[in-house]
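In the working numbering, the protein residues as written are 7 to 305.
Following: one structure in structure tokens, then a few remarks.
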Amino acid sequence: MLQVRPRQLLLLVRLDAHRHLGRAAEAMNISQPAATKLLQQLEDSLGEKLFERLARGMEPTAYGEILVRYAHRVVSDFGSAREEMLALRSGLSGALRVGSVPGAVPELLAPALVEYRRRHPQVAVSVVVETSDVMQAQLEQGDVDLVLGRLTDGHDESRYASVPLLGESQVVVVRSGHPAFEREGLTLADLAAWQWVLQPPGSPQRGRFEAAMREAGVQARLDILETASPIAITALLESSDMAAVMPASQARHYARLGLLRVVPIELPVRVPPICLVTREGRALSPAAAQFRRQLLGTG
7 MLQVRPRQLL LLVRLDAHRH LGRAAEAMNI SQPAATKLLQ QLEDSLGEKL
57 FERLARGMEP TAYGEILVRY AHRVVSDFGS AREEMLALRS GLSGALRVGS
107 VPGAVPELLA PALVEYRRRH PQVAVSVVVE TSDVMQAQLE QGDVDLVLGR
157 LTDGHDESRY ASVPLLGESQ VVVVRSGHPA FEREGLTLAD LAAWQWVLQP
207 PGSPQRGRFE AAMREAGVQA RLDILETASP IAITALLESS DMAAVMPASQ
257 ARHYARLGLL RVVPIELPVR VPPICLVTRE GRALSPAAAQ FRRQLLGTG
């Protein structure tokens, strides 16, 4: 029977993060020879090489990638158990870790969390806001319990359970005093001459926007500053004539605060709904399970 020690699993996680044995050992507060011994013992017990030693560092083999994936889950589960034990010790009743895309925050996540905290004040809640692809990776690694986000191209129905919660459009936003509001009859072709702040290439929102512009016959190369930070996007828009694309609910939130305005132009961007996403076959903590029931209107 294969026996894997917890420190060996932790070493795999650290090696995956640092790709360097010395830095992985430092992150674990052990010596490099001790880390080498832990890895060697694990490889010997499995009969397979898990990492290739290369000049630029270390890369997992095909066998290593499999074990690293499961090591992330086990280490994350141990971390969750520790958080719940600490919460119990301090008189709380568990921990909830939520991942969300920015568009889900104003009208879905924020009201739900306010109500959840009112009902369950003892639960320790943490929230991470990122793009859907980043959130899916964090869900896979067990860094969050559940995600409010859009399904990505790499979504695997056998590994994730999803329930649609919110459908909405994407809109163009600018600062309140933008010159766009001094003219009428704006077209998508007019937008090609603007400066834009958009999410990095590879993000679902960026891809959908560029596809919509191409379908509308806009072939000009856009002047783009790239960032995935919502606060950076907002700050750049407030202090310049740049434009951005964001979900309508998020734009309405900023408009209520007087920070941004929606440009009156129809943006032909097809946006999938925001879904509640969990890992298939992975039990939620009591705190996370209750939040899921609340979002679905069953608890």
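Backbone N, C-alpha and C fix where the C-beta goes; we use that ideal spot for every residue, glycine too.
Taking the alpha-carbon of residue i as reference, which of the options has the nearest alpha-carbon?
i, options, result
"Ala186", "Asp83, Ala249, Gln256 and Glu221", "Ala249"
"Val275", "Phe57, Ala222 and Arg299", "Ala222"
"Thr137", "Gln300, Thr233 and Phe297", "Thr233"
"His78", "Leu15, Arg29 and Ser182", "Leu15"
"Thr284", "Asp50, Leu301, Arg189 and Glu272", "Leu301"
"Gln211", "Leu273, Val251 and Arg298", "Val251"
"Asp229", "Arg214, Gly213, Trp200 and Pro207", "Trp200"
State the Cα-Cα distance for the pair residue i and residue j, rounded to the nearest angstrom.
i, j, result
"Glu71", "Val80", "14 Å"
"Val129", "Gly264", "34 Å"
"Pro12", "Arg103", "23 Å"
"Leu243", "Val268", "12 Å"
"Ala198", "Ser255", "24 Å"
"Val203", "Val180", "10 Å"
"Ser164", "Glu286", "7 Å"
"Leu98", "Gln205", "Confidence is the limiting factor: at Leu98 the pLDDT is only 45, short of 50, which leaves the residue's position unreliable and the question unanswerable from this model."
Let me know the secondary structure DSSP gives residue i once reduced to three states.
i, result
"Arg212", "helix"
"Ala226", "coil"
"Gly183", "coil"
"Arg123", "helix"
"Val268", "strand"
"Ala199", "coil"
"Arg276", "coil"
"Arg13", "helix"
Which residue or residues does DSSP assign as beta-bridge partners of residue i?
i, result
"Gln176", "Pro253"
"Ser168", "Val283"
"Leu204", "Glu232"
"Ser106", "Val135 and Leu154"
"Arg258", "According to DSSP, Arg258 bridges with nothing at all."
"Gly63", "Leu60"
"Ala218", "Note: Ala218 sits in no beta bridge, so no partner."
"His130", "With the sequence shown as reference, residue 130 is identified as Ala, and His is not the correct amino acid for it. For Ala130, which the question treats as bridged, DSSP gives the partners Ala101."
Counting only beta-carbon separations shorter than 8 Å, does residue i have a partner in chain B?
i, result
"Ala238", "No chain B appears in the structure shown, which is made up of a single protein chain."
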